[in-house]
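Chemist: The structure that follows is given in the form of structure tokens.
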Amino acid sequence: QQQGQCQLNRLNPMEPTVRIQAEAGVTELWDKNNQQFQCAGVSLIRHVIQSRGMLLPSYLNTPLLAYVERGRGFFGIMNSGCPETFQSSQQFQQGERGAGSRFQDRHQKIGQFKQGDIIAFPAGAAHWAYNEGNEELVLVCFEDSGNSANQLDQNSRRFFIAGNPQQGEQQQGQQGGARSFQKEQFQSGNVFRGFELELLAEAFGVSTETARKLQGQEDQRGHIVNIDQGLRVVRPPFSQEQEEREERQEQGQYGPRAN
Amino acid sequence: GIEETICSAKLRQNIDNPARADVYNPQAGRFTTVNSLTLPILSFLRLSAAKGVLYRNSIMAPHWWTNAHSVLYVTRGEARIQIVDHRGQAVLDDRVRQGQVVIVPQNFAVVKHAENEIFEWVVFNTNDNAMINTLSGRTSAIRGLPVDVIANSYQISREEARRLKFNREETLLFTSSGRSSQYGRV
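If you're matching them up, the sequences are chains A and B in order.
Here the first sequence is numbered in my numbering, starting from 6 and rising by one per residue.
Here the second sequence is numbered in my numbering, starting from 1490 and rising by one per residue.
Following this line, the structure appears as structure tokens:
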């Protein structure tokens, strides 16, 4: 066998070999070391997220395509410099200030997804996902480390910007198991961990206590966390029924919509 | 109009001139980029460059280059630089001074802190339209997150989450109170 030459004369179906358990879900990894993945320059992972579970924000050095095998929810992608276009209106709050604090926020765009959707995540763009449904959310994620957008080596690296992914419990599958590098993605700290606490506090203009929370040293939840009270964000109506209802209301006001 | 071809292509652009700054903070410094949008020939080379100036007691926001490796060459002064990999490990935590070179791999998080003197550097990027994503400041990834996502991600109150999100109005270059330089580990 020549150095670096792919052995593709025998292919076989593959199962995930490693499971990384977290508070509100599990991530299963296919062994990237397997010749077939090596030759294709790709890797595959599957996130199974419980209801009200959130995959913590992270970014990758490879572009990623996620297929929604089951469930529904919403996701955010932070593109550098994009404005916070999802914003609760200021005046509206003024009027209601007396009625206790109304939910106010502004953030970048949020997308909805449901079973059968494909979602594209550019390399280097921080993203997060939340299971808003009542059933499990299953996301099958394809990472293309052979893509020209990846300028590192053939290993896709996931940089978490929150939480303490190393708390995930790892269980080995039947066939040997993925190379330690792959598991490492879900078994290390977030990027803030490496910065000096004071500098971090300075950079955010917050107390060192809050900066310590950024580093997440004491966080025991792993990379998929449970949000009991549900996630509140500024967002348009997501469900189809809701949208149709609003459309009908509009028609009621203006009559049937002309073709 | 004359089509720009290789023969008549513009090949040169100055990035030292303060008037060309893309990001400018009178108290903290400036940052100037040259990429294929400002110097079209770079789309053939698929490279870009930038020049940074940090005044004393200033910080460049923690950030990562989303689509490029970055080679940093110091042209003046000294600063403390920390570089963190995907495991949260600081793979570099050092004071870097004039004449030295540091390589920042794609996606690795970086922070620069000019403590006692002005710090000037040039970067060469392996993408003709290299992009920075910041972790703090007005255009940062954290700012783009919903308050609830921050509160739940870091197990903090909503109020704390708002502070994390909104306390820094600058985009890339911040003044520092100098508190952190007392704790420097290097």
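Ideal Cβ placement from N, Cα and C applies to all residues, glycine included.
Straight-line CA distance for A/Asp149 to A/Asn155?
Modeler: 8 angstroms
Chemist: Who are the Cβ neighbours of B/Gln1589 in its own chain at under 7 angstroms, not counting the five residues just before and after it?
Modeler: Val1563
Chemist: Excluding the 5 residues preceding and the 5 following B/Gln1516 in the sequence, name in chain order all residues of the same chain whose CB lies nearer than 6 angstroms to its CB.
Modeler: Thr1664
Chemist: Could you tell me which uninterrupted alpha helix (DSSP H) segments, each at least 4 residues in length, are contained entirely in the region 1507-1556 of chain B, listed from first to last along the chain?
Modeler: 1530-1534
Chemist: Taking all protein chains shown into account, do 16 or more other C-beta atoms lie within 10 angstroms of the C-beta of B/Ser1642, making it buried, or fewer, making it exposed?
Modeler: buried
Chemist: Could you compute how far the alpha carbon of A/Val143 sits from the alpha carbon of B/Asp1505?
Modeler: 51 angstroms
Chemist: What does DSSP give as the partner residues of B/Trp1610 in its beta bridges?
Modeler: B/Gly1541 and B/Val1563
Chemist: Would you report the Cα separation of B/Asp1713 and B/Lys1601, rounded to the nearest angstrom?
Modeler: Residue 1713 of chain B lies beyond the range of chain B shown here (1490 to 1675); nothing can be said about it.
Chemist: Which residues in chain B sit within 7 angstroms of A/Phe80, going by Cβ to Cβ distance?
Modeler: Going along chain B, no residue has its Cβ under 7 angstroms from A/Phe80, so there is no contact; the nearest lies around 11 angstroms.
Chemist: Between which two residues does the beta strand (DSSP E) holding A/Glu148 run?
Modeler: Leu142 to Glu148
Chemist: Pull out every residue of the region 138-151 of chain A whose Cβ sits closer than 7 angstroms to any Cβ of chain B, in chain order.
Modeler: none
Chemist: Rounded to whole angstroms, what's the CA-CA distance from A/Lys119 to B/Ser1532? Just pull it up for me.
Modeler: Taking the straight line from one Cα to the other gives about 38 angstroms.
Chemist: Exposed or buried, what is A/Thr90 when buried is set at 16 or more other beta-carbons lying within 10 Å of its beta-carbon?
Modeler: An exposed status is given to A/Thr90, since fewer than 16 other beta-carbon atoms sit within 10 Å of its beta-carbon.
Chemist: Could you check which residue in A/Ile232, A/Pro241 and A/Glu252 has the C-alpha nearest to that of A/Gln54?
Modeler: The question names Gln, but residue 54 of chain A is Ile in the sequence shown. Out of A/Ile232, A/Pro241 and A/Glu252, A/Ile232 has the C-alpha closest to the C-alpha of A/Ile54.
Chemist: Could you tell me which chain A residues have their CB closer than 9 angstroms to the CB of B/Ala1598, listed as they occur along the chain?
Modeler: Counting only Cβ-Cβ distances below 9 angstroms, B/Ala1598 has contacts in chain A at Phe164, Ile166, Val196, Phe197, Gly199 and Phe200, in chain order.
Chemist: Give me the Cα-Cα distance between A/Gln92 and A/Arg111, rounded to the nearest whole angstrom.
Modeler: Taking the straight line from one Cα to the other gives about 4 angstroms.
Chemist: Buried or exposed, going by whether 16 or more other CB atoms sit within 10 Å of the CB of B/Glu1604?
Modeler: buried
Chemist: Starting from the N-terminal side, write out each stretch of the beta strand (DSSP E) that is 3 residues or longer and does not extend beyond the region 1565-1644 of chain B.
Modeler: 1579-1586, 1590-1593, 1598-1603, 1608-1614 and 1621-1623
Chemist: Pick out whichever of A/Glu74, A/Gln225 and A/Gln113 has its Cα sitting closest to the Cα of A/Val268.
Modeler: Outside the shown range of chain A (6 to 264) lies residue 268 of chain A, about which nothing can therefore be said.
Chemist: If I measure Cβ to Cβ from A/Gly30 and keep anything under 7 angstroms in the same chain, skipping five residues before and after, which residues do I get?
Modeler: Counting only Cβ-Cβ distances below 7 angstroms, and skipping sequence neighbours, we find His52, Val53, Ile54, Gln55, Gly58 and Ile229.
Chemist: Give a yes or no on whether the minimum CB-CB distance between B/Thr1527 and chain A is below 8 angstroms.
Modeler: no
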